[in-house]
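Going by our numbering, the final residue of the sequence shown carries number 1669, and the count climbs one at a time with no gaps.
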Amino acid sequence: MHMCAEKDDANTLTITCNDNLEDLRFFRGLAVIDDKVVVGEVGAKQYFIEHSDEDAIIDADGRFFAAIKLKDKAVVCVDRFCQDSVFYYSSRGYWAVSNSLLALTERLFYDSVKVRFNERVLAGHFIAGRGLWGGQGLSLNTMIDGIKVVPAGSYIEIKEAGGFSILERPAREAALEKSYCELLRDYVFHIRSIVVTLCEHGYYFNAGLSGGMDSRLNFAMLWPLVKKGFPIKVYTNHNNEEDVKVVFSLQERLGFELKGYTNNVNVTSGRVAYRNWQLGQMGSYFPISLGLAATPSNPLFNVHGASFKGVKHRRLAPYTRGRRLAEEMSDPKLGELVRQEFLSFFEKLGEDMYARDAMDTHYLNTRARYHTGISWYHSLDRARFTPQLFHQYYRLYQLQTENGKYNDRLVYDIFQMTVPELADHEFEVENKGFSELELVPERNIQPEKDVSWKVLEFYGKAPVAPNPDEVSRTQDELKEEFTKLLERDVVFYASKLGAQGNAYFKRLADEALDDIEKNKSLIKRQASSLLVAAGRFHEFVDGNQEITFDEKRTSNVR
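Here it is as structure tokens:
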């Protein structure tokens, strides 16, 4: 088995058909398997010693990447809502798998596999702003032709004889004998049980609260635990005036303290952080965020409002969205490539483009996968805990929408059951509140009389946060070191790619240099991120490839 041996590559795994998988046991993140909580490599080792023949990991909730040798096969998978990713390449009997686009590309290069840029994917990254649409891929393809991402709801199975398959997870059986109210209580009970279990084993939580609905939903489920004295603190972003106004009014009404835990980590060097960024985000997601530590070492969870729902994402149906994306491009040739790449997502998965949830499926597999995902990389700062990405909540959402309604009645019902005051409290924007339809009392939702939970089986060991006085490098120093390395590469690749005579890369180089000139924050340096990705990957692709954005023959890589 090949694993990146360098210390700063300890977070990635790359395996191929040429590797011995007998001792394969690689796990990053948090998995919830029925009533069991598994955290980190230590937890996975403990769990699979006791459950070596079980493949329940393929259907687990949480936020994780796992590559595990079971009795007669190996499986590579992520959580069911793909908050991490499995990148793979498979062609002519050769296959390779990784949790890093760069690590996989490097391995293909070392194994003498010739690869090329995927020009349709590159075209999509030239969408202005590189935000909701161009900030990540428009499909399950990547900028390296032939490297793809395993879809949500699927996993890789590797048989001992070398067979490589992408399989769909078995569908969960719905608890039809239970009422909607019972399912609602089960979901809240389950989330609280997970949080309490982690608290009992040395972890603690920061629950972000804004003026919007998603963070308020998380708060509704955790506020009773806060009052019980569990190590959960509430914080807000004081830079957003509208949010702060609403949060302060909620604070006055409910009486909670507004001060989160300090995020203490062993801050790594700029060189290690830069390499981890390249392994984690580069080429997949273009707003840049920093991984503060070399490896996950923080007992602090950040409660996040990530969801499988993309409200802005679903405003237009696929065909219409594809046409709008094409119209955004100044060059019609580029626009047509973008449209084709976007629609290829639905065609390759066999998704009905007229289905009500078609754009939700696209959002989960693309935008959400990277914008709120890349879980192993974000764990280098502080791990995220995402209560709205559990199968119980998804089932409740399906029940709400089976009659053709998209609304927030489910959120309203959870408020009524947990903290009724949250249901009628103002939001930061008036149209983010509940509609009259959602407020019609359709069900007998009663406020809970007792807050209940149970401590689940736990596998793992919480890391110990460093003493702030013993941290040798500050986060500001790390950011400065990281930025210097990024700007060094921007200047280098601007010269290298800009000199090739390609008008698109020349424009990109100018945008990236402008990032430096204007001293933009890292998260806004999408042009720099794309330029460095294109330059770095250019070192591994066929050197004779000329980027023209003309129609090419379809790749023979499946």
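All C-beta atoms, glycine included, are put in the ideal place defined by N, C-alpha and C.
Check residue 1116 in the structure and name its three-state DSSP category. With a pLDDT of only 31 at residue 1116, under the threshold of 50, the placement of this residue in the model should not be trusted, and no figure is reported.
From what residue to what residue does the beta strand (DSSP E) around residue 1494 run? 1494-1496
Expected contact under 8 Å - CB spacing of residue 1173 and residue 1190 to nearest Å: 5 Å
When you compare the CB positions of residue 1261 and residue 1186, do they come within less than 8 Å of one another, or not? no
Boundaries of the alpha helix (DSSP H) in which residue 1282 is found, first to last residue: Residue 1282 -> no alpha helix (DSSP H), and no H or E assigned at all.
In whole angstroms, what separates the C-alpha of residue 1640 from that of residue 1394? 8 Å
Where does residue 1214 sit, in a helix, a strand or coil, going by DSSP? helix
Can you give me the C-alpha to C-alpha distance between residue 1463 and residue 1630, rounded to a whole angstrom? Approximately 44 Å between the Cα atoms of the pair.
Taking all protein chains shown into account, do 16 or more other C-beta atoms lie within 10 angstroms of the C-beta of residue 1350, making it buried, or fewer, making it exposed? exposed
Here's the rule I'm using: 16 or more other beta-carbon atoms within 10 Å means buried, otherwise exposed. How should residue 1353 be labelled? exposed
Sequence-distant residues of the same chain with beta carbon closer than 8 Å to residue 1213, five excluded per side: Within the same chain, residue 1213 has close Cβ partners 1389, 1390, 1393, 1394, 1647 and 1648.
Kindly indicate which three-state DSSP category residue 1148 falls into: helix, strand or coil? Here residue 1148 sits in strand by DSSP.
For residue 1676, which residues from the same chain have a beta carbon less than 6 Å from its beta carbon, with the 5 sequence-adjacent residues on both sides left out? Outside the displayed range of the chain (1112 to 1669) lies residue 1676, so it cannot be described from this structure.
Assess contact between the segment 1455-1474 and the segment 1244-1264, defined as three or more Cβ pairs (one per stretch) separated by less than 8 Å. Is contact present? Short answer: they touch.
Any non-hydrogen atom of the ligand SAM within 7 Å of residue 1565 CB: Among the ligands in the structure shown, none appear at all, so the ligand SAM cannot be discussed.
Give me, in chain order, the residues of the same chain whose beta-carbon lies closer than 6 Å to that of residue 1570; leave out the 5 immediate sequence neighbours on both sides. 1149, 1154, 1157 and 1158
Output the boundary residues of the alpha helix (DSSP H) element that contains residue 1385. 1381-1391
Inter-stretch contact at 8 Å, needing at least 3 Cβ pairs: the segment 1480-1500 / the segment 1129-1144: yes
Using 8 Å as the cut-off, can you tell me whether the segment 1370-1386 makes contact with the segment 1581-1598, which would need three or more C-beta pairs spanning the two stretches below that distance? yes
Looking at residue 1445: is its Cβ nearer than 8 Å to the Cβ of residue 1237? Less than 8 Å separates the beta-carbon of residue 1445 from that of residue 1237.
Residues in its own chain within less than 7 Å of residue 1478 by CB, not counting five upstream and five downstream? Excluding residues within five positions, the ones whose Cβ falls inside 7 Å are 1243, 1247, 1421 and 1424.
Cα-Cα separation, residue 1199 to residue 1210: Rounded to the nearest angstrom, the two C-alpha atoms are 9 Å apart.
With distances taken Cα to Cα, identify the nearest neighbour of residue 1324 among 1522, 1506, 1659 and 1643. 1522
Could you compute how far the alpha carbon of residue 1412 sits from the alpha carbon of residue 1310? Looking at the backbone, the Cα of residue 1412 and that of residue 1310 are separated by about 10 Å.
Using three-state DSSP, classify residue 1142 as helix, strand or coil. It is a strand residue.
Distance between residue 1341 and residue 1565 (C-alpha atoms, nearest Å): 14 Å
Report the rounded CA-to-CA distance for residue 1506 versus residue 1294, giving the unit in angstroms. Computed Cα separation, rounded: 9 Å.
Have a look at residue 1123 and residue 1184 and give me their C-alpha separation to the nearest angstrom. 21 Å
Where residue 1433 and residue 1604 are concerned, what is the direct C-alpha to C-alpha distance, given to the nearest angstrom? 31 Å
Contact set for residue 1497: own chain, Cβ-Cβ below 6 Å, skip 5 residues either direction: 1415 and 1417
Who are the near neighbours of residue 1263 in its chain, counting only those whose CB is closer than 6 Å to its CB and skipping five residues on each side? Excluding the 5 residues flanking it on each side, residue 1263 has same chain C-beta neighbours closer than 6 Å at 1193, 1475 and 1476, in chain order.
Is the beta carbon of residue 1208 sitting closer than 8 Å to the one on residue 1219? no
Identity of the residue in 1357, 1493 and 1430 nearest residue 1403 by Cα: 1493
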